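Colleague: Let me give you the structure first, and then I'll get to my questions.
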Amino acid sequence: MAVTSFFFFVFLLFGFGLFYLSPGRFQWVTLLFLSLVFYHFAAWDFSILFLLLSAVLAYISSNILRVKRIAESSRAKGCVTAVAVIAVVGNVLLWFLLKGSSFWVTGTGILHRFLPSIPQIPALPIAGALGMGYYTAQVIGYILDCYWGNTEPQRNFLKLFLFVVFFPQLTVGPISRYSDLRCLYEKHRFSYDNMCFGCQRILWGVFKKLVVSDRVGIIINGIWADTATYTGFYPWIAVLLYPLQIYTDFSGCMDIILGAAELFDIHLAENFRNPFFSRSVQEFWQRWHITLGGWARDYVYYPVLKSRPVLAIGRWSKKRFKKNKRIAKLIPWAVGNGVLWFVMGFWHGSVQHILGVSVWFWTILLISEIFSPLSVRLVKVLEVNTESFSWHLFQSIRTYLVYAMGVVFFSAPGLRTAIGRYGIIFDAAKHLNPWIFFDGSVTKLGVTFADINLLIIGVFLLFAVAVLREKYGYARIWMQKQNLPFRWFVWLALFVIVLIYGLYGPGYDAATFIYEGF
Amino acid sequence: MYIAEQGKLRRIMSFICFMCILWQLFLNLTYLFRNTNWYKLNIPIFRTEKENTIDVVLIGGSSVYEGWNPLQAYKEQGIISYNYSVASAPAATYIMAIQDIKETQSPRLFIIDVRKFCSIHWNTTMDGELRHIMDSQNINIKRLASIEYYRRLNDLSIKDALSEYIDLIYYHSNTEALTNKLNWQLSDNRLESNQTDVYFENGFYAGTSHTFMEQYCTQYPVSGRSVLQKAVKACYVDLLEYCQINKVPLLLIASPFAMTEDDAKELSCLEEIAREHDVPFFNMNKFYNDMRLDFHTDFVDTQHLNIYGASKFTSFLADYLNKNYDLPDHRGEPLFEIWDKKYEDYCKYETEEGLKLKSIINDKEQAIKDELTMRTSNNIAEWLFLASNSNMAMLMLRTELSDNILSEKSLMLLNGFGLKEDMLEGSSSYIGYYSGKSIFVSTEEQSYAGTIDKMWGPRDDIDYLISAINHPQVCVNGVNYYTDCNGGVFIVVLDINTGEIADLAIINVEANGELSIHHKLIEE
């Protein structure tokens, strides 16, 4: 059951009614029931055992932590650490076996090529659970929070299981913190505003996914499917459009999920905040997939920075580069960031993602950090007004381009294809064909001029909403201040556009989201 | 407190209003984007009929709207009727049709053509039949229930079911609809009959084409009873029981068609079940002679009557209704004066179309006579004239190159019939298909296969293959024809009305450049 399917919306309607008809203290049971029903329709039933196993690990470990924490002895403290490590490693291993198989299949494959005595290990013949990357991260966060004493462990296993299996966020996140989802167990009263906001957000998400993302996807897939024919500027079109596709796909899905949760008076963490308005790559990752970045920062980056080896590196670099404080600071920063980016890439579950996320962005950040004094000086020498719109625009375009170039790894089905695509992109200079923008060639990629016009309107709308969001926090807050006829007109028009121009129904497969596989 | 309550009430009202607008918008978009083929228009037009004015409603597929002429029935017997029929409307939707009719009309009699219960018409191809009738229905529970019933009855998989229930899912990409005036007129799923170019008066579509038919089943009643399919029987019994429970005045008919013995057996079976349920059953295929139905002139194809046939069928059935049912005679009533005017217009239309149809029939009859002349003619010009008639198709094959060159006179002769010199000169191989305006010629292709819609005969087409590979031959419906042409072109002439071979001939170029023709015995 994809979140853009008709059945999901019917399910949501049914769940919405059932939830508010349930007595307050049993509403969380209703949510658990709905989540299990959703799982039954969305994934292979048997795979729920993996969720159960993760939840059991988290439940047992967190409650051992609770009991042991009370004891003050050093032995108990050692036990607490051991339990936390075992629980975290157990979850990571489970994920690695089922979702991270690409690493050991590729790894043993390479080893086998050079050392034939080492056997090539195939992937396990079992499918991983739905949203395994997301809930594993949540569970690890929960265990670590319990270990650090940031949160009180949940004593009711079913309540903890609801935290893991909560249906709107199960497929593509966001990666929620336990402390943020305590509201799952509270009593919720029906709110007209929540209902309206939830529906509006779902509609906006469906627009992004079915009208914009899937249309852009047709162009991109058409180009990459026949790179022998589509040379010159074509691969560049695919490269430059892909961020738009992945953004509208992922953030559209997020809007549906956040809107669905809002119907139940549950406000999940935001995953996007106008990422293409970012002036730097660093800022970009504070606005893009925010919950993953936040999770990696809190559970990986900070602990790594505080770890003994990194502190030792810091002390060493301070001594070694006494005269150059910047370099002395840069080295531990680079190590900490290296681990952070590695985990971010690793979480995506394949070697190509490690290259596309970890290596690419870590390198870019390192370069920009190294050259930042130079760029500051250059800006001064050239007397650039850094507060002007044009400078902001330049920085945003630069960030977009950097992201677009890195994310080519995402768009490819495999590492070899991804590397091949870079070859095609840089080979484009030999086949320059600017006329394709004027002679209607683009319409041979499976889209019509009407589709292209629609995309332009769609991008304009996205931009307008993004501007309103920057200004008001949420575009809907601005919308709420408008007069009723205008509000109704906007929502009805959006409804009609989605209904007519959404790519759904027989012949279309809008069921999958790019970020659904993680 | 009061203000809070007032605010709450305002919100509820506003929510209800918004949802109503949303729903209406959804409905209008659904109707706007639907496929508006002419054969689906009967039902939207029915909705514009004045309420409770129709005494008889006929339900069925295309056999109904091409058979029963309400204007003629009015003129002859004073019956006010309407054809609630859509092409290929599945029998499983007839209960829904009755319910839909009863929303605006209170007919004294429902007539259902049972031919859709015969196995040959029990087609479950989703897009082909169910959509035809569902595309003209209002979005409501009845429609959903009927689709569900149809799917359950035919044990159809769940795949694409949603796009049947909510047809906007299927049609939303049909943005061409936005450019079509008719689609906009149908955006409330209602249509005035004068808003369409197609001749539709009270649901009658006048068939103005023709096919020579044969009476396949000559003995009736047939011996033996065929067993109806389980789903067919269930559907039929459900319909009869529904009408009994809801006291729907029902007459079952089987309108005339080129019935086979299997069809006849199934109709007998249906008649027996109807009798068991005390429902009158009128199989009009038993009364060809009483109707004066002529299989040679009165059919569009095996399943449909043309204007001649429709006139005879209507007259006969209207007379039957008059004798057996207490239906009021509305002639002369002010409310139906317009029907007199419409009938006058129809008569003019019928006369014009009838003359055209007569000419077509004469042409075809002449073509059959000409076949004899063609087979014995040695005059190349005369032969080409007869073979290039629109009732014939020429399948041509040459596999060797002739040494002789066409004379100027011969070339002009060929050109006169739309044929070119490459038929006899140039590349060593030549394959061609020639039928009236349609022509295919190739000196490069080594084979060509096609199908001709057979105009005469039961439910099959003429498949042919012209091949220059290995054993050069022309194959028609699995029968091979070949000959040694010695550089000439081998031509198989087919009568496309009958599917019969009209002539086998070889045209050669003589040493003097003149054309010669040699007839071959038809051989396999």
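Quick mapping for you: the protein sequence lines, in order, are chains A and Z.
Heads up: the first sequence begins at 1 in the numbering used here, then just goes up one per residue.
Heads up: the second sequence begins at 519 in the numbering used here, then just goes up one per residue.
Just so it is clear, CB atoms sit at the ideal spot from N, CA and C, and this is done for glycine as well.
Remember, predicted model here, so these are calculated numbers, not experimental data.
Measuring only the C-alpha atoms, how far is I484/Z from D888/Z?
Modeller: There is no way to answer for residue 484/Z, as the model of chain Z reaches only from 519 to 1042.
Colleague: What does a CB cutoff of less than 8 Å around F437/A pick up in its chain, not counting 5 residues either side in sequence?
Modeller: F233
Colleague: List in chain order: all unbroken alpha helix (DSSP H) runs of 4+ residues lying wholly within the stretch 388-416 of chain A.
Modeller: 389-406 and 408-411
Colleague: Compare the C-beta of I539/Z against all C-beta atoms of chain A and say whether one is closer than 8 Å.
Modeller: yes
Colleague: Nearest CA to the CA of G349/A: which residue from I452/A, F157/A, V384/A and T106/A?
Modeller: Residue T106/A is the option with its Cα nearest to G349/A.
Colleague: Any beta carbon of chain A sitting closer than 8 Å to that of T686/Z?
Modeller: The residue you asked about is not Thr; residue 686/Z is Leu in the sequence shown. It does: the Cβ of L686/Z has a partner Cβ on chain A nearer than 8 Å.
Colleague: Between D678/Z and chain A, is the shortest Cβ-Cβ distance under 8 Å, so that the two count as touching?
Modeller: yes
Colleague: When you check each C-beta in the stretch 128-158 of chain A against every C-beta of chain Z, which residues fall closer than 9 Å?
Modeller: none
Colleague: In chain order, what residues of the stretch 476-497 of chain A put their CB closer than 7 Å to some CB of chain C?
Modeller: In the displayed structure, chain C is absent; the protein chains listed are A and Z.
Colleague: Entirely within the stretch 1013-1042 of chain Z and at least 3 residues each: give me those beta strand (DSSP E) ranges in chain order.
Modeller: Whole beta strand (DSSP E) segments, 3+ residues: 1019-1027 and 1033-1037.
Colleague: In chain order, what residues of the same chain lie with their CB nearer than 6 Å to the CB of L758/Z, ignoring the 5 residues before and after it?
Modeller: H795 and V797
Colleague: What residues of chain Z sit near Y504/A, judged by a beta carbon separation below 8 Å?
Modeller: For Y504/A, the C-beta contacts it makes with chain Z under 8 Å involve I687 and H690, in order along the chain.
Colleague: Between G149/A and I684/Z, what straight-line distance do the alpha-carbon atoms span, to the nearest angstrom?
Modeller: Taking the straight line from one Cα to the other gives about 53 Å.
Colleague: Have a look at R69/A and D678/Z and give me their C-alpha separation to the nearest angstrom.
Modeller: 57 Å
Colleague: Please report how far the alpha carbon of L36/A lies from the alpha carbon of A42/A, in whole angstroms.
Modeller: If I take the Cα positions, the gap works out to 10 Å.
Colleague: For F33/A, report the span of its alpha helix (DSSP H) as first-last.
Modeller: Q27 to A42
Colleague: Give me the chain A residues within the contact set of L648/Z, using Cβ-Cβ distance strictly less than 8 Å, ordered along the chain.
Modeller: What L648/Z touches in chain A: nothing, since even the nearest Cβ is about 14 Å away.
Colleague: Write down the C-beta distance between F167/A and F38/A rounded to the nearest angstrom, noting that I regard them as a contact closer than 8 Å.
Modeller: That belief holds up - the Cβ atoms of F167/A and F38/A are roughly 4 Å apart, short of 8 Å.
Colleague: What first and last residue would you give for the alpha helix (DSSP H) that runs through S603/Z?
Modeller: No alpha helix (DSSP H) contains S603/Z, which is instead part of the beta strand (DSSP E) from S599 to S603.
Colleague: Name, going along the chain, the residues of the stretch 442-470 of chain A whose beta-carbon falls closer than 8 Å to a beta-carbon of chain Z.
Modeller: A450
Colleague: What residues match up with C993/Z in a beta bridge as DSSP calls it?
Modeller: L983/Z and N998/Z
Colleague: Which residue comes first and which comes last in the beta strand (DSSP E) that contains G109/A?
Modeller: Careful: G109/A lies outside any beta strand (DSSP E), inside the alpha helix (DSSP H) at S101 to F114.
Colleague: In this structure, does DSSP put I970/Z in helix, strand or coil?
Modeller: strand
Colleague: Going by Cα to Cα distance, which pick from S895/Z, L924/Z and I879/Z is closest to N909/Z?
Modeller: I879/Z
Colleague: Whole angstroms is fine: what's the gap from L32/A's alpha carbon to F460/A's?
Modeller: 40 Å
Colleague: If you pair each beta-carbon of the stretch 285-297 of chain A with each one of the stretch 206-221 of chain A, do three or more pairs fall below 8 Å?
Modeller: A contact between stretches requires three or more CB pairs, one per stretch, nearer than 8 Å, and the stretch 285-297 of chain A fails this requirement with the stretch 206-221 of chain A.
Colleague: Let me check one thing: in DSSP terms, what residues is S1086/Z bridge-paired to?
Modeller: The question about residue 1086/Z has no answer, for chain Z in this structure spans 519 to 1042.
Colleague: Can you list the residues of chain Z that F6/A reaches, using a CB-CB cut of under 9 Å?
Modeller: L680, I684 and I687
Colleague: Put G505/A into one of helix, strand or coil per three-state DSSP.
Modeller: G505/A: coil per DSSP, three-state reduction.
Colleague: Please list, in chain order, all residues of the same chain as M1/A whose beta carbon is under 6 Å from its beta carbon, the five residues on each side excluded.
Modeller: F7, F8, F41 and A42
Colleague: Can you tell me where the alpha helix (DSSP H) with G772/Z in it begins and where it stops?
Modeller: It is Ala, not Gly, that sits at residue 772/Z in the sequence shown. Counting along the chain, A772/Z sits inside no alpha helix (DSSP H); it lies in the beta strand (DSSP E) bounded by residues L768 to A772.
Colleague: Tell me, to the nearest whole angstrom, how far the beta carbon of G505/A is from that of S681/Z; I am working on the premise that it is less than 8 Å.
Modeller: 6 Å
Colleague: Over what stretch of residues does the beta strand (DSSP E) that includes N801/Z continue unbroken?
Modeller: F799 to N801
Colleague: What are the residues in the stretch 540-563 of chain Z lying within 8 Å of chain A by C-beta distance?
Modeller: L540, L543, F544, L547 and F551
Colleague: Does any residue of chain Z have a CB that is nearer than 8 Å to the CB of Y20/A?
Modeller: no
Colleague: Just tell me which of S829/Z, F800/Z, R633/Z and R552/Z has its CA closest to the CA of T778/Z.
Modeller: R633/Z
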